[in-house]
Amino acid sequence: MWELTALLLLVPSSGQAATLEKPILSLHPPWTTIFKGERVTLRCDGYHPLLLELRPISTLWYLGHLLLPSHKKSIEVQTPGVYRCQTRGAPVSDPIHLSVSNDWLILQVPYAAVFEGEPLVMRCRGWYDKVVYKLHYYHDGQPVRYFHSSANYTVPQARASDSGRYQCSGTMRIPVESAPMFSAKVAVTVQELFQAPVLRVMGRVDARGAALGGVALRCETLLHPQKRDTPLQFAFYKYSRAVRRFDWGAEYTVPEPEVEELESHWCEAATASRSVRKRSPWLQLPGRGSPLDVASTTVPAPQAAALAPANKPLSFREPPLSRPVPSVTSVPNTTSAGLLFPAGGAPTAGPPACAPLTPLEQTTGALKPDMDLLLREMQLLKGLLSRVVLELKEPQAFPEHRDTLETPASHFAVSQGTPETTAVES
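Using mature numbering (1 follows the signal peptide of the UniProt record, and there is no 0), the letters of the sequence shown map in sequence onto residues -17 to -1, 1 to 409.
Spelled out as structure tokens, the structure:
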């Protein structure tokens, strides 16, 4: 007789087949490190509400790349390695790494991912639950907590800064009190619940009735895929003042009278309990000082922002203000090379990089005649200096100046405002 095996996939009314999600693998008790000889239970919970068949859906178990013989929904294991499970028609689950130790002391951490704002619990266990005395917990080599005897170490609301390598140490009475013993180091990573928000311009809002128009802003963030159902609240600020306190809406309309100060706004995203809250950078517009063009306004990708816990004050700053550049006036034939600085100003080393053209650069052509005059005067000065040097070396060549020699300054003087030199009679 032919064996009939049927598999029926129910199709939703939309006409598209449902996509099965990967099953969830859990560990009981929820610790990734155990002593040799202990057993733990693995449970595979699959999503198959739309599958109907004539025989029960079996579960596949994997240890590394090896297929285990069991097809039950849960199994007991004591072998170290990486475990996965799979239900028929669904993808393979996320892995669980089980470690087995022969040490006197082990540090047990949760197998599941720990997210920001959630409690992080660690347990330092002695061999087969022997009491540990003078217990210390370490984070990246630094002691963080001390207990007189066995106790769990708990971080009530984990942060990204709580990630790192943990270790514990203590003594045990076997039968007398031993020397301090240390566990192996265990890496712990606190997952980011949601990214730092970014404040974006959505567009202009027209005035309707008593409601004023303005510009709509939206506070955008992205939740971790495993926490995509976590509700978030949003608040909006102008400088350090809250213009809208925490609410479920992610949008806020800046009134028309305040549109000119859009860059002074920022937003904050937080969980309902405020255990995790993050602020956005200041709103950035493409052109400062130009009319707002909402249709073409784009905001660059956000950078990582520091957490702002509820028990710590936020720091604020104002956007940089532009300062006017002092103008320079040109005066022909002056001793300062034709430059006159404004009252209260001082000459600078030069224009900054990427600065606009100064009035001096714009009037280079107008100063050209003055430069020619200065060159002629320098040539005359050179000739007079050469004559003085020659008189000092060979006084017999100038008998009329043998008794008294005059300085070059007694032979000429430059009159301001005239293009020629005038001789001075002695």
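For each residue, glycine too, the CB sits at the ideal point set by N, CA and C.
Counterpart residues of residue i in DSSP-defined beta bridges
{"i": "arginine 67", "result": "Tyr45"}
{"i": "serine 9", "result": "Arg26"}
{"i": "residue 418", "result": "Residue 418 lies beyond the range of the chain shown here (-17 to 409); nothing can be said about it."}
{"i": "glutamate 234", "result": "Arg201"}
{"i": "tryptophan 87", "result": "The partner list for tryptophan 87 (beta bridge, DSSP) is empty, contrary to what the question assumes."}
{"i": "arginine 106", "result": "Gln91"}
{"i": "serine 152", "result": "His119 and Phe165"}
{"i": "leucine 363", "result": "Answer by DSSP bridge pairing: none, since leucine 363 is not bridged."}
{"i": "threonine 16", "result": "Ser82"}
{"i": "proline 126", "result": "Tyr121"}
{"i": "alanine 266", "result": "Looking at the sequence provided, one finds leucine at residue 266 rather than alanine. Answer by DSSP bridge pairing: none, since leucine 266 is not bridged."}
{"i": "glutamate 251", "result": "Ala218 and Arg262"}
{"i": "glycine 147", "result": "Val171"}
{"i": "arginine 227", "result": "Phe219"}
{"i": "threonine 137", "result": "Val104"}
{"i": "valine 97", "result": "Val173"}
{"i": "leucine 50", "result": "Tyr45"}
{"i": "serine 57", "result": "Arg26"}
Nonlocal neighbours in the same chain, by C-beta distance under 7 Å from residue i, ignoring five residues either side
{"i": "glutamate 175", "result": "Glu99, Ala143 and His207"}
{"i": "alanine 287", "result": "Legend: pLDDT at alanine 287 = 37, less than 50; position of this residue unreliable, no value from coordinates given."}
{"i": "histidine 122", "result": "Gly147 and Tyr149"}
{"i": "proline 238", "result": "Leu195 and Gly197"}
{"i": "leucine 10", "result": "Val23, Leu25, Ile79 and Tyr94"}
{"i": "valine 104", "result": "Pro93, Asn135 and Thr137"}
{"i": "alanine 190", "result": "Gly196"}
Under 8 Å between C-beta atoms of residue i and residue j
{"i": "cysteine 27", "j": "lysine 56", "result": "yes"}
{"i": "valine 97", "j": "alanine 141", "result": "yes"}
{"i": "valine 188", "j": "alanine 199", "result": "yes"}
{"i": "proline 78", "j": "arginine 71", "result": "no"}
{"i": "proline 12", "j": "alanine 95", "result": "no"}
{"i": "proline 102", "j": "threonine 62", "result": "no"}
{"i": "glycine 29", "j": "glycine 47", "result": "no"}
{"i": "leucine 8", "j": "serine 76", "result": "yes"}
{"i": "threonine 204", "j": "phenylalanine 177", "result": "yes"}
{"i": "residue 410", "j": "arginine 227", "result": "With the chain covering only -17 through 409, there is no way to say anything about residue 410."}
{"i": "histidine 80", "j": "threonine 15", "result": "yes"}
{"i": "leucine 266", "j": "histidine 248", "result": "yes"}
{"i": "cysteine 250", "j": "tyrosine 220", "result": "yes"}
{"i": "serine 84", "j": "valine 114", "result": "no"}
{"i": "glutamine 69", "j": "leucine 49", "result": "no"}
{"i": "valine 173", "j": "aspartate 145", "result": "yes"}
{"i": "methionine 185", "j": "arginine 211", "result": "no"}
Residues near residue i in its chain [Cβ-Cβ closer than 6 Å; skip 5 each side]
{"i": "arginine 106", "result": "Gln91 and Asn135"}
{"i": "glutamate 160", "result": "Thr154"}
{"i": "tryptophan 110", "result": "Trp87"}
{"i": "leucine 275", "result": "Confidence in leucine 275 is poor, its pLDDT being 48 and thus under 50, which makes the residue's placement unreliable; the coordinate value appears in the next sentence. Same-chain partners within the cutoff: there are none."}
{"i": "tyrosine 120", "result": "Val127, Arg128, Tyr136 and Cys151"}
{"i": "leucine 364", "result": "none"}
{"i": "glutamate 59", "result": "Arg22 and Thr24"}
{"i": "serine 45", "result": "Before going further, note that residue 45 is tyrosine rather than serine in the sequence given. Result list for tyrosine 45: Arg67, in chain order."}
{"i": "histidine 54", "result": "Ser41 and Thr42"}
{"i": "leucine 51", "result": "Trp44"}
{"i": "threonine 236", "result": "Val188, Gly197 and Ala199"}
{"i": "glutamine 209", "result": "none"}
{"i": "proline 139", "result": "Pro102"}
CB contact below 8 Å: residue i versus chain C
{"i": "alanine 141", "result": "Among the chains of the structure shown, chain C does not appear; only one protein chain is present."}
Sequence-distant residues of the same chain with beta carbon closer than 8 Å to residue i, five excluded per side
{"i": "phenylalanine 165", "result": "Leu88, Gln150, Cys151 and Ser152"}
{"i": "serine 319", "result": "Residue confidence is low: serine 319 scores 37 on pLDDT, short of 50, so the model does not pin down where it sits. Its coordinate-derived value is still stated next. Cβ within range, chain order: n/a, list empty."}
{"i": "histidine 131", "result": "Tyr116, Lys117 and Leu118"}
{"i": "threonine 254", "result": "Gly100, Leu176, Thr213, Pro214, Leu215, Gln216 and Arg260"}
{"i": "alanine 225", "result": "Ala218 and Phe219"}
{"i": "proline 285", "result": "Because proline 285 carries a pLDDT of 38, less than 50, the predicted location of this residue cannot be relied on, and no value is offered for it."}
Residue i Cβ short of 7 Å to the ligand ADP heavy atom set
{"i": "serine 369", "result": "What this structure holds is no ligand at all, so the ligand ADP is not there to describe."}
Task: Length at least 3, wholly inside the stretch 155 to 220: the beta strand (DSSP E) runs in chain order - done: As far as the stretch 155 to 220 is concerned, its whole beta strand (DSSP E) runs of at least 3 residues are 169 to 171, 181 to 188 and 197 to 203.
- [ ] Could you tell me whether the stretch 241 to 256 touches the stretch 116 to 128, where touching means 3 or more Cβ pairs closer than 8 Å?
- [x] no
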